[in-house]
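To keep things clear, I will list the structure first and then write my remarks on it.
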Amino acid sequence: MRHLAIACAVLLLSACSTSTVQDYPAAWPPLSGMSADCREVAGAYIDLNARPWEPVDAAGKQPNLYAAWATLGFIEQGNAPGRKRSFALAFIDADTLLISYLMDNQPVASRRLARNKWRCDAGGLHVTTMERSGALVDKVPNHGELQRTATLYRVGNTLYVRRATDARIMMLHVLPEQRFRSQWERFQAD
100 MRHLAIACAV
110 LLLSACSTST
120 VQDYPAAWPP
130 LSGMSADCRE
140 VAGAYIDLNA
150 RPWEPVDAAG
160 KQPNLYAAWA
170 TLGFIEQGNA
180 PGRKRSFALA
190 FIDADTLLIS
200 YLMDNQPVAS
210 RRLARNKWRC
220 DAGGLHVTTM
230 ERSGALVDKV
240 PNHGELQRTA
250 TLYRVGNTLY
260 VRRATDARIM
270 MLHVLPEQRF
280 RSQWERFQAD
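All the letters of the sequence shown, read from the start, carry residue numbers 100 to 289 under this note's numbering.
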């Protein structure tokens, strides 16, 4: 019985949770409610492909995780120095959202999302951009689930996006780990 109690204590103490939540920047305008159909987010936006800390003259030289392609669930779009990167959002009909990634105004990738992958309410357009299950961490036996969502708001000529990633993983198939990350990005209309 003592060994079982020790094993349970070790298991409970090994449970891990990490969370990184970026507050909405105070310098940005307040987000007001969206329309019932969120049609105001439709349009084209410039992807600077820049890290927040990157010097302006280095922006866009390397693909990075602070770019629209990552936020919207596309695979890496590779090195493309000097090419204009942008993305477009369009509602094909009442149940289909089309997200396109463009380089020099030419589509290089697109995703059609059925109604079960997005919803609209006063809080914005909520889009599920990635869902995975199974092994999530390299080189360690594990299983779990990951979901990435983007919540889009348009204020004036700027699209504000809250990207959230939530992962629940069982490391070594027995040790629970939860990871949550939330960050804000903004993109100017093209």
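Note that CB positions come from ideal geometry on N, CA and C, so glycine has one too.
When the options are compared against residue i, the one with the closest alpha-carbon
i	options	result
residue 190	281, 212 and 205	212
residue 247	256, 223 and 216	216
residue 135	224, 142, 279 and 205	224
residue 173	130, 208 and 194	208
residue 129	234, 278, 259 and 118	259
residue 139	275, 254 and 279	254
residue 269	233, 167, 289 and 252	233
residue 195	265, 167, 282 and 226	226
residue 229	220, 263 and 236	263
residue 218	121, 252, 272 and 236	252
residue 143	193, 121, 105 and 206	206
residue 210	171, 204 and 192	171
residue 131	101, 274 and 220	220
residue 222	137, 236, 237 and 235	137
residue 265	274, 289 and 235	235
residue 204	289, 100, 245 and 192	289
residue 193	125, 237 and 141	141
Outcome for residue i when other beta-carbon atoms lying within 10 angstroms are tallied against a minimum of 16
i	result
residue 198	buried
residue 123	exposed
residue 146	buried
residue 103	exposed
residue 169	buried
residue 133	buried
residue 272	exposed
residue 167	buried
Nearest-angstrom Cβ-Cβ length linking residue i and residue j, presumed shorter than 8 Å
i	j	result
residue 182	residue 202	5 Å
residue 287	residue 257	6 Å
residue 277	residue 116	4 Å
residue 119	residue 267	The pair is not a contact, with the Cβ atoms about 16 Å apart (cut-off 8 Å).
residue 127	residue 261	Wrong, their Cβ atoms sit about 11 Å apart, outside the cutoff.
Residues that DSSP places opposite residue i in a beta bridge
i	result
residue 226	217 and 249
residue 104	Bridge partners of residue 104: none, in fact.
residue 117	278
residue 139	Residue 139 is not bridged to any residue.
residue 233	243
residue 55	Shown here, the chain extends from 100 to 289; a query on residue 55 therefore has no answer.
residue 186	144 and 200
residue 289	For residue 289, which the question treats as bridged, DSSP gives no partner whatsoever.
Spell out a yes or no on whether the stretch 230-242 and the stretch 181-199 are touching, meaning 3 or more CB-CB pairs, one atom from each, closer than 8 Å.
Cβ pair count under 8 Å is below three, so no.
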